[in-house]
Amino acid sequence: MTDTSRRSLLASLPAICLAGKLAAQGTSRYRFDKPPEYHVFDNPPETHALSRFDIVVDGRGYRLFLAVPKAIAPPEGWPSLWMLDGNAVFDRIHADHLTRHSGLVIIGVGYPVDRIFDTTARALDYTPESLVSNPEEGRGRETGGANAFRARLTGALREAVEAECPLDPLRRVLWGHSYGGL
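So the sequence shown is numbered by UniProt numbering: it starts at 1 and just counts up by one.
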């Protein structure tokens, strides 16, 4: 392992810990069609500014949730944790999670719907093309759009977030679970 790789891994540890804590809260007690509550917006932390906005890229709608440190950004930009299923993440995240990671930008990539999971959109965005040949894998939903989603994520969606805050391109972590972990 090179020094750069080792430093990047160590710099990512706080983000990995936060992702693990949120994942540990589990999805079993949530219905996929549950309306999100987003309590963190009602009780924001002193450490982060919170925002959310909708964006359309290639005809597909996304909702981006941002938790940006209120401090002055480092010269290289903020380290960032990109979390798929942003509606569900920001439904579960609490102010104390953000306070413990005051130097980290949290980006939730979700969908412009009034429920915590858009199962149709995520089935398309999060699954590789190899599933297209087997419609049963998608449970009747369109699948196989992961390459196009990755291009949107690393292109227009990233650019939209960077217009709001400076990000360090060497300190980014992407988190997903279930389909989002494929």
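Idealized CB from N, CA, C, for every residue including glycine. As the structure is a computational prediction, the values presented were derived from the model and not from experiment.
Residue i Cβ short of 7 Å to the ligand MN heavy atom set
{"i": "A67", "result": "The ligand MN is absent from the structure shown, which contains no ligands of any kind."}
Proximity of residue i and residue j at Cβ, strictly below 8 Å
{"i": "D118", "j": "P36", "result": "no"}
{"i": "D125", "j": "A156", "result": "no"}
{"i": "R57", "j": "R172", "result": "In the sequence as displayed, the identity of residue 57 is Val instead of Arg. Result no, Cβ atoms of V57 and R172 do not sit closer than 8 Å."}
{"i": "R115", "j": "K34", "result": "yes"}
{"i": "V161", "j": "I107", "result": "yes"}
Expected contact under 8 Å - CB spacing of residue i and residue j to nearest Å
{"i": "Y62", "j": "V105", "result": "Between V105 and Y62 the Cβ distance is about 17 Å, and since that is not below 8 Å, they are no contact."}
Residue i versus residue j: straight-line alpha-carbon distance, rounded
{"i": "R100", "j": "N43", "result": "15 Å"}
{"i": "M83", "j": "I72", "result": "23 Å"}
{"i": "G103", "j": "D168", "result": "12 Å"}
{"i": "E164", "j": "T127", "result": "29 Å"}
{"i": "F149", "j": "L170", "result": "21 Å"}
{"i": "D54", "j": "F65", "result": "9 Å"}
{"i": "G144", "j": "T120", "result": "12 Å"}
{"i": "A23", "j": "A88", "result": "Residue placement at A23 is poorly supported in this model, since its pLDDT is 48, which falls under 50; the coordinates are not used for a value here."}
{"i": "S113", "j": "R52", "result": "Reading off the sequence shown, one finds Val at residue 113, where the question assumed Ser. Going by the C-alpha atoms only, they are around 13 Å apart."}
{"i": "G59", "j": "S130", "result": "23 Å"}
{"i": "Y111", "j": "G176", "result": "15 Å"}
{"i": "F32", "j": "L174", "result": "22 Å"}
{"i": "I93", "j": "K70", "result": "18 Å"}
{"i": "S178", "j": "P75", "result": "35 Å"}
{"i": "G77", "j": "T47", "result": "16 Å"}
{"i": "E159", "j": "D96", "result": "28 Å"}
{"i": "P166", "j": "L98", "result": "18 Å"}
Buried/exposed call for residue i, threshold 16 Cβ in 10 Å
{"i": "residue 183", "result": "There is simply no residue 183 to check, as the chain begins at 1 and stops at 182 in what is shown."}
{"i": "V68", "result": "buried"}
{"i": "A123", "result": "buried"}
{"i": "P45", "result": "buried"}
{"i": "S80", "result": "buried"}
### Task
Run through the stretch 80-147 for me and flag every whole beta strand (DSSP E) of 3 or more residues, listed as ranges in chain order.
105-110
### Query
Counting only runs that start and end within the stretch 38-79, where is the beta strand (DSSP E) found for 3 or more residues in a row?
48-57 and 60-69
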